[in-house]
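Asks: Questions regarding the structure given below will be posed in turn.
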Amino acid sequence: ASSATDAIATALTEIKIVLVGDSEREPNEERSKELAQSLLSEGEDHELEHKESLIVRMVVSLHLLPFEARKDVSHIFSHCARRSALHFPQYVISHPLVLQKLVDGCGTP
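If you want this note's numbering, it's the position in the sequence shown, counting the first as 1, plus 512.
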(Lines of atoms letter the chains of each structure in order from A and count residues from 1; the text may use other names and numbers.)
(Lines give C-alpha, C1' and ligand atoms only; values in the text may rest on other atoms or scores of the structure.)
Protein backbone atom coordinates (compact mmCIF):
# COMPACT_ATOMS: atom_id res chain seq x y z
CA ALA A 1 0.00 0.00 0.00
CA SER A 2 2.91 2.34 0.68
CA SER A 3 4.21 2.22 -2.91
CA ALA A 4 0.70 2.93 -4.22
CA THR A 5 0.37 5.88 -1.85
CA ASP A 6 3.79 7.15 -2.91
CA ALA A 7 2.81 6.86 -6.59
CA ILE A 8 -0.42 8.76 -5.97
CA ALA A 9 1.42 11.45 -4.02
CA THR A 10 3.95 11.82 -6.85
CA ALA A 11 1.16 12.08 -9.44
CA LEU A 12 -0.60 14.76 -7.38
CA THR A 13 2.62 16.76 -7.15
CA GLU A 14 3.05 16.50 -10.92
CA ILE A 15 -0.54 17.65 -11.50
CA LYS A 16 0.03 20.61 -9.19
CA ILE A 17 3.21 21.57 -11.05
CA VAL A 18 1.45 21.45 -14.43
CA LEU A 19 -1.36 23.63 -13.07
CA VAL A 20 0.55 26.23 -11.07
CA GLY A 21 4.23 25.68 -11.79
CA ASP A 22 6.92 25.58 -9.14
CA SER A 23 9.97 27.58 -8.04
CA GLU A 24 11.86 26.59 -11.19
CA ARG A 25 9.23 27.06 -13.92
CA GLU A 26 6.02 28.83 -14.76
CA PRO A 27 3.02 26.77 -15.89
CA ASN A 28 2.20 26.44 -19.58
CA GLU A 29 -1.19 28.20 -19.74
CA GLU A 30 -2.67 26.00 -22.46
CA ARG A 31 -1.53 22.75 -20.82
CA SER A 32 -2.73 24.02 -17.43
CA LYS A 33 -6.15 24.88 -18.85
CA GLU A 34 -6.51 21.48 -20.53
CA LEU A 35 -5.52 19.63 -17.37
CA ALA A 36 -7.90 21.69 -15.21
CA GLN A 37 -10.75 20.92 -17.60
CA SER A 38 -9.92 17.21 -17.59
CA LEU A 39 -9.95 17.17 -13.77
CA LEU A 40 -13.59 18.25 -13.92
CA SER A 41 -14.70 15.92 -16.69
CA GLU A 42 -16.68 12.94 -15.54
CA GLY A 43 -15.71 9.46 -16.69
CA GLU A 44 -17.15 6.03 -16.14
CA ASP A 45 -16.13 4.17 -13.03
CA HIS A 46 -17.18 0.60 -13.63
CA GLU A 47 -16.60 -0.41 -10.01
CA LEU A 48 -18.82 2.30 -8.58
CA GLU A 49 -21.28 2.23 -11.50
CA HIS A 50 -21.52 6.01 -11.70
CA LYS A 51 -19.59 8.93 -13.08
CA GLU A 52 -17.20 10.90 -10.93
CA SER A 53 -14.56 13.45 -11.91
CA LEU A 54 -10.97 13.21 -10.77
CA ILE A 55 -11.31 16.35 -8.62
CA VAL A 56 -14.22 14.73 -6.76
CA ARG A 57 -12.21 11.54 -6.27
CA MET A 58 -9.29 13.56 -4.91
CA VAL A 59 -11.46 15.36 -2.38
CA VAL A 60 -13.33 12.21 -1.34
CA SER A 61 -9.99 10.44 -0.78
CA LEU A 62 -8.32 13.24 1.19
CA HIS A 63 -8.47 11.30 4.44
CA LEU A 64 -6.45 8.48 2.86
CA LEU A 65 -3.62 10.67 1.63
CA PRO A 66 -0.42 11.70 3.42
CA PHE A 67 -0.17 15.31 4.56
CA GLU A 68 1.91 16.63 1.62
CA ALA A 69 -0.44 14.98 -0.88
CA ARG A 70 -3.42 16.60 0.86
CA LYS A 71 -1.67 19.96 0.47
CA ASP A 72 -1.24 19.25 -3.26
CA VAL A 73 -4.96 18.45 -3.57
CA SER A 74 -5.66 21.74 -1.82
CA HIS A 75 -3.53 23.63 -4.37
CA ILE A 76 -5.19 21.78 -7.26
CA PHE A 77 -8.69 22.49 -5.92
CA SER A 78 -7.84 26.13 -5.27
CA HIS A 79 -6.44 26.56 -8.77
CA CYS A 80 -9.59 25.11 -10.33
CA ALA A 81 -11.75 27.34 -8.14
CA ARG A 82 -9.92 30.47 -9.34
CA ARG A 83 -10.25 29.66 -13.06
CA SER A 84 -13.56 31.32 -13.89
CA ALA A 85 -13.61 29.75 -17.38
CA LEU A 86 -14.16 26.37 -15.74
CA HIS A 87 -17.47 27.41 -14.15
CA PHE A 88 -16.14 25.79 -10.98
CA PRO A 89 -18.67 27.28 -8.53
CA GLN A 90 -21.53 25.77 -10.52
CA TYR A 91 -19.64 22.47 -10.69
CA VAL A 92 -19.20 22.34 -6.91
CA ILE A 93 -22.84 23.29 -6.32
CA SER A 94 -23.93 20.42 -8.55
CA HIS A 95 -21.66 18.02 -6.62
CA PRO A 96 -22.57 18.57 -2.93
CA LEU A 97 -20.39 15.63 -1.89
CA VAL A 98 -17.34 17.79 -2.63
CA LEU A 99 -18.31 20.46 -0.11
CA GLN A 100 -19.31 17.87 2.49
CA LYS A 101 -15.97 16.06 2.17
CA LEU A 102 -14.07 19.34 2.41
CA VAL A 103 -15.91 20.23 5.61
CA ASP A 104 -15.41 16.72 6.99
CA GLY A 105 -11.73 16.91 6.10
CA CYS A 106 -11.24 19.97 8.31
CA GLY A 107 -11.50 17.69 11.32
CA THR A 108 -8.95 15.18 10.02
CA PRO A 109 -5.43 15.70 11.35
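We put the beta carbon where it would ideally sit given N, CA and C, even for glycine.
Excluding the five sequence neighbours on either side, which residues of its own chain have a C-beta within less than 7 Å of the C-beta of residue 560, listed in chain order?
Replies: Here residue 560 scores only 49 on pLDDT, less than 50, and its place in the model is too uncertain to base an answer on.
Asks: Would you tell me roughly how many angstroms separate the C-alpha atoms of residue 529 and residue 587, rounded to the nearest one?
Replies: 10 Å
Asks: I need the DSSP call for residue 535, collapsed to helix, strand or coil.
Replies: coil
Asks: Taking residue 571 and residue 610 to be in contact with their CB atoms under 8 Å, please state how far apart those CB atoms are, rounded to whole angstroms.
Replies: 5 Å
Asks: Give the secondary structure of residue 573 by DSSP, where H, G and I count as helix, E and B as strand, and everything else as coil.
Replies: coil
Asks: Going by C-alpha to C-alpha distance, which of 578, 521, 604 and 577 sits closest to residue 590?
Replies: 604
Asks: DSSP three-state label for residue 553, please.
Replies: DSSP places residue 553 in the coil class of the three-state scheme, outside both helix and strand.
Asks: What did DSSP end up calling residue 514 once you bin it into helix, strand or coil?
Replies: helix
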